[in-house]
Amino acid sequence: MDYTRYYVPVLVQLAAYAGFALGGNWVFIGIASLPLLGLIDSVLPNDMRPREMKRGLMADLPVWLATILAVGLYFMAAFWVRSAEAITPWQYAGAILSLAWMSVVPLVPASHELYHQRGKLRRFIGTYSQVCYLDCTREIAHVTGHHLDVATEHDGDTARRGVSLYAFTGNAVIQSTRDAWRMESDSLEKQGYGRWSIRHRIWKALLAQLVMQSLVFLIGGWTAVAVVLAGMVGARFWVESFNYFQHYGLIRIEGGAIARRHVWNHLKPLSRVMGFEITNHADHHTDSFAAFHELRPDRQWIPMPSVFVCFFSALIPPVWHNMVIKPALKRWDNELATPEERELARAQNRAAGWPDWFDEKPAGAWAAS
């Protein structure tokens, strides 16, 4: 059962393929999975059970399938554009939304799993499958930036308290792109090359995008390219929005140890499965080479809703702030934060106009992890 459950995202992708094959309003199947999965996940109990799986093909196969199918869906969309007799603006919108959503879940966690692992082929596929959301340099800032700076003021993936999803997302797109290119240029300069040398990975990323769009054009012409690019742009912003729920408002002293408490976990069954455990990632920040099925649910966590519920609630900032994240952060500040982290948290609360909800705690009461 542990191995088979991770084929759920693959089945969802195949349903999206079927939608493009059937055409018409069926192209909405991909995006329709979002509210359906969210509804089901929200009523299920938390899944706190570790997975009993071993490394190898059986564990890896759904990750590879989810990655490859996500790229292929863009070509399927191009075939749909070419073969459909008539397409309404409404159907174009459905196709774009389905492409964007399928490029977020399950592609982001699947590609993330591959580029975090050892092995040239894994890292190559994990990196360049990100062509689907216009970010084949993403792993640079993620691995050498986010994983070092998580929950500090330098981390573009950690939203400060009081920031809305809308304010966060655009800034995160800009900052993650800028950080990746700067880090790559700095690395090249240290090696004695020019900052924008041909060795810079941005040129490989642009080549990957050129190849992708050329193939789409050969299949479905400029209309297909427009649909595909619209889906990719939507996915690019959507990808960053999911970082919002994983680290929102958490505090870590710069240079301090990274602990399990410095992430939020969403442990509903479909959140875990559709995300290849990316929502169960407390251990991922202490050992980034751990395979997805080796991550253990944190039983000292502050409970959070389904990641789908978090997404929909964040679309209405007062709902997200007052009903979801403030109660969670109040517990985190008083139960898990160190005294130094509490001081920074208090400053962020004041800047956001939030209450000063800090309890006085006896010495030695602070969590160590």
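For what it's worth, UniProt numbering labels the leading residue of the sequence shown as 1, then goes sequentially. Ideal Cβ positions, reconstructed from N, Cα and C, are used throughout, including at glycine.
Buried or exposed (CB count within 10 angstroms, at least 16 for buried), residue i
| i | result |
| --- | --- |
| Gly364 | Interpretation of Gly364 is limited by its pLDDT of 41, a score under 50 that renders its predicted location unreliable; the figure taken from the coordinates is listed afterwards. Looking at its Cβ environment, which holds fewer than 16 other Cβ atoms inside 10 Å, Gly364 is exposed. |
| Thr88 | exposed |
| Asn280 | buried |
| Glu277 | buried |
| Ala18 | exposed |
| Ile29 | buried |
| Asp298 | buried |
| Asp2 | exposed |
| Pro318 | exposed |
| residue 370 | The chain is shown only over 1 to 369; residue 370 falls outside these bounds and no answer can be derived. |
| Tyr6 | buried |
| Val239 | buried |
| Gly170 | exposed |
Spatially closest choice to residue i from the options, by CA coordinates
| i | options | result |
| --- | --- | --- |
| Phe242 | Val225, Thr286, Ala314, Thr177 | Ala314 |
| Pro305 | Arg201, Arg296, Pro327 | Pro327 |
| Leu11 | Ala282, Lys330, Met274 | Met274 |
| Gly220 | Val81, Val263, Gly255, Tyr244 | Val81 |
| Thr286 | Pro303, Arg272, His262 | His262 |
| Leu207 | Val150, Asp149, Leu134 | Leu134 |
| Leu267 | Val228, Trp320, Ala282, Lys54 | Ala282 |
| Ala259 | Val150, Ala18, Met53 | Val150 |
| Thr4 | Ile325, Glu52, Trp354 | Glu52 |
| Gln175 | Val228, Phe237, Gln91 | Phe237 |
| Thr152 | Val143, Tyr248, Pro45 | Tyr248 |
| Asp74 | Val233, Ser164, Gly255, Trp354 | Strictly speaking, residue 74 in this sequence is Tyr, with Asp absent from that position. The shortest Cα separation from Tyr74 among Val233, Ser164, Gly255, Trp354 belongs to Val233. |
| Arg195 | Lys204, Met183, Ala205 | Met183 |
| Glu254 | His147, Trp26, Arg55, Arg296 | His147 |
| Ile325 | Ala93, Val43, Leu165 | Leu165 |
| Leu99 | Gly119, Arg252, Ala224 | Ala224 |
| Gly72 | Phe20, Ala291, Gln91, Leu344 | Phe20 |
| Trp272 | Pro106, Arg55, Trp90, Ile68 | According to the sequence shown, residue 272 is Arg rather than Trp. That would be Pro106, whose Cα lies nearest to the Cα of Arg272. |
| Ala290 | Val43, Lys54, Leu39 | Lys54 |
| His154 | Ile316, Ile125, Arg252 | Arg252 |
| Ala226 | Ala86, Asn25, Tyr92, Met48 | Tyr92 |
| Glu344 | Met323, Trp320, Leu250, Ile316 | Correcting the residue identity first, residue 344 is Leu in this sequence and not Glu. Of the candidates Met323, Trp320, Leu250, Ile316, the one whose C-alpha sits nearest the C-alpha of Leu344 is Leu250. |
Presumed contact (8 Å Cβ cut-off) between residue i and residue j, rounded CB distance
| i | j | result |
| --- | --- | --- |
| Ala77 | Ala95 | 6 Å |
| His200 | Ser214 | That pair is no contact at about 22 Å. |
| Ala70 | Ser103 | 6 Å |
| Leu270 | Leu37 | 5 Å |
| His293 | Ala59 | 6 Å |
| Asp41 | Phe308 | 5 Å |
Same chain, Cβ closer than 6 Å to residue i, neighbours up to 5 away in sequence not counted
| i | result |
| --- | --- |
| Trp366 | Any reading at Trp366 must be qualified, since the residue scores a pLDDT of 48, below 50, and its modelled position is unreliable; the value itself is stated next. So the qualifying residues of the chain are Thr338. |
| Trp301 | Asn265 |
| His116 | Ser288 |
| Gln130 | Ser111, Cys136, Arg138 |
| Ser197 | Leu188 |
| Leu97 | Ile31 |
| Cys310 | Phe245 |
| Ser33 | Val12 |
| Met212 | Val131 |
| Tyr128 | Cys136, Ala208 |
| Leu329 | Gly249 |
Same chain, Cβ closer than 7 Å to residue i, neighbours up to 5 away in sequence not counted
| i | result |
| --- | --- |
| Asp179 | Ala141, Gly145, Gly156 |
| Ala352 | Arg161, Gly162 |
| Gly23 | Trp80, Ala84 |
| Phe358 | Asp333, Asn334, Arg342, Arg346 |
| Ala172 | Gly156, Asp157, Glu240, Asn243 |
| Arg296 | Pro50, Asp283 |
Cβ shell of residue i (< 8 Å), same chain only, five flanking positions each side left out
| i | result |
| --- | --- |
| Arg331 | Ile302 |
| Asp356 | Arg346, Asn349, Arg350 |
| Arg122 | Leu114, Tyr115 |
Residue ranges of each alpha helix (DSSP H) within the stretch 164 to 231, 4 or longer: 165 to 190
Ordered list of alpha helix (DSSP H) runs contained in the stretch 286 to 358, each at least 4 residues: 307 to 314, 326 to 335, 339 to 352
Length-filtered (4 minimum) alpha helix (DSSP H) runs lying within the stretch 42 to 97: 57 to 83
Entirely enclosed beta strand (DSSP E) segments - the stretch 242 to 271, minimum 3 residues: none
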